[in-house]
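Engineer: Handing you a structure now.
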Amino acid sequence: MAWIAAIRRPNITFENTPPHMLVCSKHFHKGKCFVVVNTSYIALNRNHRAMLLFTTKTTAEIQPQQITPQHEDEDLQDCKMCSLRLQEVAHLQGENLILKKGLSKQKLDTEFLKDNNSKVKFYTGLPSFALLMGVLQQISPSLPDTGRKISHFQMLLLTLMCLRLNLPIAHIAHLFDISRTTTSTVFNITVNVLYAHLSPLVHWPGRHCIQASMPHQYVEMFGDRVTVIIDSFELFIERAAAPATRPRIKHTMKYLIGITPQGTISFISKGWGGLLADRGFDIKESVALMGATLKIPAFTRGRSQLQAKDVEDTRKLAHVWIHVERVIGCLLSKYTVLNDTIHLGFVVPCEGENMTLLDKIVAVSCALTNMCPSVVVKQASDE
Numbered sequence: 001m002a003w004i005a006a007i008r009r010p011n012i013t014f015e016n017t018p019p020h021m022l023v024c025s026k027h028f029h030k031g032k033c034f035v036v037v038n039t040s041y042i043a044l045n046r047n048h049r050a051m052l053l054f055t056t057k058t059t060a061e062i063q064p065q066q067i068t069p070q071h072e073d074e075d076l077q078d079c080k081m082c083s084l085r086l087q088e089v090a091h092l093q094g095e096n097l098i099l100k101k102g103l104s105k106q107k108l109d110t111e112f113l114k115d116n117n118s119k120v121k122f123y124t125g126l127p128s129f130a131l132l133m134g135v136l137q138q139i140s141p142s143l144p145d146t147g148r149k150i151s152h153f154q155m156l157l158l159t160l161m162c163l164r165l166n167l168p169i170a171h172i173a174h175l176f177d178i179s180r181t182t183t184s185t186v187f188n189i190t191v192n193v194l195y196a197h198l199s200p201l202v203h204w205p206g207r208h209c210i211q212a213s214m215p216h217q218y219v220e221m222f223g224d225r226v227t228v229i230i231d232s233f234e235l236f237i238e239r240a241a242a243p244a245t246r247p248r249i250k251h252t253m254k255y256l257i258g259i260t261p262q263g264t265i266s267f268i269s270k271g272w273g274g275l276l277a278d279r280g281f282d283i284k285e286s287v288a289l290m291g292a293t294l295k296i297p298a299f300t301r302g303r304s305q306l307q308a309k310d311v312e313d314t315r316k317l318a319h320v321w322i323h324v325e326r327v328i329g330c331l332l333s334k335y336t337v338l339n340d341t342i343h344l345g346f347v348v349p350c351e352g353e354n355m356t357l358l359d360k361i362v363a364v365s366c367a368l369t370n371m372c373p374s375v376v377v378k379q380a381s382d383e
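Just so you know, full-length UniProt numbering puts 209 at position 209 of the sequence shown, and the rest follows in order with no gaps.
Rendered as structure tokens:
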């Protein structure tokens, strides 16, 4: 009766079963008809087809991974390929580093001058890269932050290149990849900062310091009383466009310079216009008030010839006076901007100050010259 109930055919009985009616074997346990005793549930396996499909599909997905053999040769080949790729990556990284270093050397930065003192001397006038970095360390806190445009080192290098090589602003702007306006602004700012920090290097030393290292030739001629050797030099200034100005007249700025017997610049004046000659130094009385004596070459002043004593004194003065000429020549040749015609805007007084930008440029050039070996001491040692 349980089997008849599972068939769900109300007209079917064991006695009355039509011959043309069949029952699928899936309605029987194990595919055969048998009577299940004390069973109220007969499984029809309706979802067997779907479950079989799902099981087969899952097995098909997993089976290749389970049956794929792992060969040691393939692992070894993969390791060799990885090793070759790592070697190629390392080679490319090394090549990239070399190219970066080469590119940085072309850029006007620290790498451009590092470990090359001859290049430092050519572009800045300073004798070594270490001294250049010392100047940078001194002035860097006072320099403004320009962001990515130009670094503090490049600001210093730009300014020193302008002073040393007297390159046009347009050329400097091209080298540092900045505009002309930025180049001029950087130059003016850096000159002011350099003047504030380096101007104390041009100072008048105490007498005991001068006497302690007085060159022997000064002691022989003047004893130990020599304090300073003075002279003057002039710079040509750009003339304003004026029809009434005579073209042969050159405007100049004169500077009084003083050096110690050792060849260090100990004094530099502000610039003055007009005519100035060493024979016009009428300061004997003022110097005498300080207990000093001014020695200047003798002049004929209407006389036919000099006296023998005047000739001897002039010869002694000329022998030591040549040293200040060497210092002036070193200053003008080291920072060639002073040899060219100065722009008229450089002689305009700075805002709120009683000196011009040219005065600061001259003072900075003197301070930088004092950082270099003295030409006087070198000459004395050669003699």
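Ideal placement from N, C-alpha and C gives every residue a C-beta, glycine not left out.
Helix or strand or just coil, what does DSSP make of T17?
Structural biologist: When secondary structure is reduced to three states using DSSP, T17 falls in the coil class, being assigned neither helix nor strand.
Engineer: Is it the case that the Cβ atoms of I230 and G258 are separated by a distance below 8 Å?
Structural biologist: In this structure, G258 lies closer than 8 Å to I230 by Cβ.
Engineer: Going by C-alpha to C-alpha distance, which of L198, S374, L294 and S142 sits closest to R326?
Structural biologist: S374
Engineer: Residue range of the beta strand (DSSP E) that I296 falls in?
Structural biologist: Segment: none, I296 is in no beta strand (DSSP E) and carries neither H nor E.
Engineer: Judging by CA-CA distance, which residue of E220, K149, C209 and W204 is the nearest neighbour of T185?
Structural biologist: K149
Engineer: What would DSSP say about A363, mapped onto helix, strand or coil?
Structural biologist: helix
Engineer: What would DSSP say about L158, mapped onto helix, strand or coil?
Structural biologist: helix
Engineer: Looking only at its own chain, which residues have a Cβ that is under 6 Å from the Cβ of S140, when we skip the five neighbours before and after it?
Structural biologist: H152
Engineer: Buried or exposed for N166, going by 16 or more other Cβ atoms inside 10 Å?
Structural biologist: Within 10 angstroms of the beta-carbon of N166 lie fewer than 16 other beta-carbons, which makes it exposed.
Engineer: Less than 6 Å between C-beta atoms, sequence neighbours within five positions excluded: which residues of the same chain meet that for F346?
Structural biologist: L357 and L358
Engineer: Sort Y195, G125 and Q138 by Cα distance to L360 and report the nearest one.
Structural biologist: The question names Leu, but residue 360 in the sequence shown is Lys. The shortest Cα separation from K360 among Y195, G125 and Q138 belongs to Y195.
Engineer: Under three-state DSSP, which class holds L167?
Structural biologist: coil
Engineer: From the DSSP output, read off the bridge partner residues of E234.
Structural biologist: E234 pairs with K254.
Engineer: Does the beta-carbon of V365 have 16 or more other beta-carbons within 10 angstroms, so that it is buried, or is it exposed?
Structural biologist: Looking at the sequence shown, residue 365 is not Val but Ser. It is buried - the Cβ of S365 has at least 16 other Cβ atoms within 10 Å.
Engineer: With respect to the beta strand (DSSP E) encompassing S128, which residues constitute its N-terminal and C-terminal limits?
Structural biologist: Taken as a continuous stretch (DSSP letters only), S128 belongs to no beta strand (DSSP E), as it is neither H nor E.
Engineer: I need the DSSP call for P261, collapsed to helix, strand or coil.
Structural biologist: coil
Engineer: Based on DSSP bridge pairs, tell me the residues matched to W321.
Structural biologist: Answer by DSSP bridge pairing: none, since W321 is not bridged.
Engineer: With a 10 Å radius around its C-beta and 16 neighbouring C-beta atoms as the bar for buried, classify Q87 as buried or exposed.
Structural biologist: exposed
Engineer: In the structure shown, what three-state DSSP assignment does I342 receive?
Structural biologist: strand
Engineer: Is S266 helix, strand or coil by DSSP?
Structural biologist: strand
Engineer: Inspect the beta-carbon positions of I210 and T341 and report whether they are closer than 8 Å.
Structural biologist: Result no, Cβ atoms of I210 and T341 do not sit closer than 8 Å.
Engineer: Are at least three pairs of beta-carbons, each pair with one atom in the stretch 161-176 and one in the stretch 130-138, less than 8 Å apart?
Structural biologist: As far as the Cβ criterion goes, the stretch 161-176 does not touch the stretch 130-138, which means the pair count is below three.
Engineer: At the level of alpha carbons, what is the spacing between N188 and H203?
Structural biologist: 24 Å
Engineer: For A363, is the classification buried or exposed, using 16 other Cβ atoms within 10 angstroms of its Cβ as the cut-off for buried?
Structural biologist: Buried, since its Cβ has 16 or more Cβ neighbours within 10 Å.
Engineer: Thinking just about the alpha-carbon of each residue, which of E353, K114, K284 and M221 is nearest to the one in residue 384?
Structural biologist: Outside the shown range of the chain (1 to 383) lies residue 384, about which nothing can therefore be said.
Engineer: What does a CB cutoff of less than 6 Å around L332 pick up in its chain, not counting 5 residues either side in sequence?
Structural biologist: L338 and N339
Engineer: Could you tell me the distance, in whole angstroms, from the CA atom of residue 451 to the CA atom of L158?
Structural biologist: Here the chain comprises residues numbered 1 to 383, so residue 451 is not present and cannot be evaluated.
Engineer: Tell me, to the nearest whole angstrom, how far the beta carbon of C372 is from that of L126; I am working on the premise that it is less than 8 Å.
Structural biologist: 7 Å
Engineer: Would you please state the rounded distance, in angstroms, between the beta carbons of H216 and S142? I believe it to be under 8 Å.
Structural biologist: For a cut-off of 8 Å, the C-beta gap from H216 to S142 is around 42 Å, too long to register as a contact.
Engineer: Could you say which of P144, Y218 and N116 lies nearest to L132 if we only look at CA atoms?
Structural biologist: N116
Engineer: Any C-beta of chain C sitting closer than 8 Å to the C-beta of T252?
Structural biologist: Included in the structure is just one protein chain, with no chain C present.
Engineer: Can you round the beta-carbon distance between M161 and T190 to whole angstroms, since I take them to be within the 8 Å contact cut?
Structural biologist: Incorrect: roughly 11 Å between the Cβ atoms, too far for contact.
Engineer: Considering Cα atoms alone, identify which of A240, P349, T260 and P200 is closest to R225.
Structural biologist: T260
Engineer: Are A367 and L201 touching if we call contact CB-CB under 8 Å?
Structural biologist: yes
Engineer: Given that a residue counts as buried once 16 or more other Cβ atoms are within 10 Å of its Cβ, and exposed if not, what is M21?
Structural biologist: Exposed, because fewer than 16 other Cβ atoms sit within 10 Å of the Cβ of M21.
Engineer: Our contact map puts V376 next to G263 with C-beta atoms below 8 Å; I'd like the distance itself, whole angstroms only.
Structural biologist: 3 Å
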